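Okay, structure first, notes after.
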Amino acid sequence: MPFFNFFNRTYTISTTSTTPMTPATPTTLTVGVSQGDIVCGLNEERKRYVRDYAPFRLANIDNNLPIINVIPSIIDLYTFPLEIERSAQKKNVERRAFNMELPKQLPFKNSLNTYLKHSKYQSVLSSEYSDKYYRRKCKGGLSWVLMGQDPIAQKIKIHFILDGIDFKSVTRKNRKIEWGYHVTGSELRWLYRNRNHPNLKRKVQFWFQGEPSVPPWEREESKEVWQNYFPCSEDIHF
C-alpha cells in the first residue's frame with residue numbers, strides 16, 4: 001500500500017545540509033517501498049529516489065499523473081473537499097479527487113478521513129487553506145499511520161528521506177525557509193516528539209544516500225543538533 005507526503009506539496013527546493021552526513025547502520029525496518037507506504041522528504045529528493053534507487057521504484061509520487069486507479073505514495077495526492085474549493089490548481093486537485101473515489105482508493109481515503117476527525121486534526125477538514133493547514137494535515141497523516149488502529153493504517157510504513165535537509169533549520173523552526181521545506185521540517189519534528197512510541201521503529205524507515213539510516217537524532221553527524229531541540233511537549237500516545 002503506498003503513499004504520502006502530505007497533499008499537493010510540490011517542493012521545489014533541495015537545500016543541502018550544512019553538516020556532511022555518512023550512512024549509518026539502521027535500527028528500524030529495512031525494506032523497500034510497498035504499495036500503500038508513505039514517502040516523506042523534500043520533493044526533489046523524493047523524485048530522485050524513485051528515479052535512482054530500486055527500493056523506491058513502486059512509489060507513486062507524481063502529482064501530474066492522469067486519472068489512474070493507483071494508490072499514491074504521498075499525502076499530496078489525497079484530497080479533501082476544502083482543497084477542491086480553494087486550490088489555485090483546481091483542475092489538478094479535481095482530477096486527484098476523482099482518482100481517490102475509484103474503488104482501490106476508497107478504503108485508504110475513508111480510513112484517513114475518519115482518523116482526521118479527531119479533535120486534534122479536525123481543522124484539516126475545515127480550516128483555512130494555509131501553511132498551518134498543510135502542516136496539520138501532514139502530522140495527522142503521520143499519526144494515522146503510526147497510531148491508527150484501523151487495519152489499513154496498521155499495514156502502512158513511512159519512508160523518510162533525509163537527503164538535502166538542514167537539521168539546524170528544522171530544529172530552530174526557521175520561518176524564513178521555503179514552504180515545502182517548512183512542511184517537511186514539521187513532519188520531522190513530529191516524529192522526534194513521538195520517537196519513543198513503540199511503533200516508530202517498526203513503521204518508520206529513514207533513508208540517506210539511498211541506504212537505510214537511523215533517525216537523524218541518532219546519527220553522529222546530527223544528534224547534537226537535536227539535543228538542542230526542546231519541544232514544548234511530547235506528543236506520544238500509547
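Heads up, the sequence shown is in the working numbering, so the first residue is 1 and it goes up one at a time.
Note that CB positions come from ideal geometry on N, CA and C, so glycine has one too.
Here the structure is a predicted model, which means the values were calculated and not measured.
An exposed status is given to lysine 173, since fewer than 16 other beta-carbon atoms sit within 10 Å of its beta-carbon.
When DSSP states are grouped into helix, strand and coil, phenylalanine 230 belongs to the coil group. Tryptophan 207 is bridged by DSSP to Ile161 and Pro212.
Between leucine 188 and valine 170, the C-beta spacing is below 7 Å.
In this structure, Phe167 is the residue among Tyr49, Leu200, Phe167 and His182 with its C-alpha nearest to the C-alpha of glutamate 220. DSSP, reduced to helix, strand and coil, places isoleucine 38 within a strand of the structure shown.
If you check the CB distance, leucine 42 and glycine 164 come in under 7 Å. For glutamate 218, no alpha helix (DSSP H) segment is defined, and its DSSP state is neither H nor E. For valine 33, same chain residues with a beta-carbon under 7 Å away, outside a window of 5 residues either side, are Pro2, Val39, Pro55, Phe56, Leu58, Ala59, Ser73 and His159 in chain order. Within the model, the alpha-carbon separation for arginine 51 versus isoleucine 161 is close to 14 Å. A Cβ-Cβ separation of about 13 Å leaves methionine 147 out of contact with asparagine 196 under the 8 Å criterion. Ranked by Cα distance from glutamate 211, the options Arg193, Gln35, Asp37 and Tyr49 are led by Tyr49.
In this structure, the CA atom of glutamate 218 is about 13 Å from the CA atom of phenylalanine 208. The residue from Ala153, Val145 and Arg193 with its alpha-carbon nearest to that of tryptophan 226 is Arg193. Within 10 angstroms of the beta-carbon of glutamine 205 lie 16 or more other beta-carbons, which makes it buried. CA-to-CA, the gap between isoleucine 152 and glutamate 224 works out to about 36 Å. The Cβ neighbour count for lysine 155, taken over all protein chains shown within 10 Å, is under 16; the residue is labelled exposed. DSSP places proline 198 in the coil class of the three-state scheme, outside both helix and strand. In this structure, the CA atom of glutamine 35 is about 35 Å from the CA atom of phenylalanine 230. With fewer than 16 neighbouring CB atoms inside 10 Å of its own CB, arginine 202 falls in the exposed class. In the DSSP assignment, lysine 47 falls within the unbroken alpha helix (DSSP H) covering 43–52. One alpha carbon belongs to histidine 182, the other to serine 143, and they sit about 18 Å apart. Where phenylalanine 167 is concerned, the enclosing alpha helix (DSSP H) starts and stops at 167–171. Boundaries of the alpha helix (DSSP H) harbouring isoleucine 152: 151–155, taken from the DSSP string.
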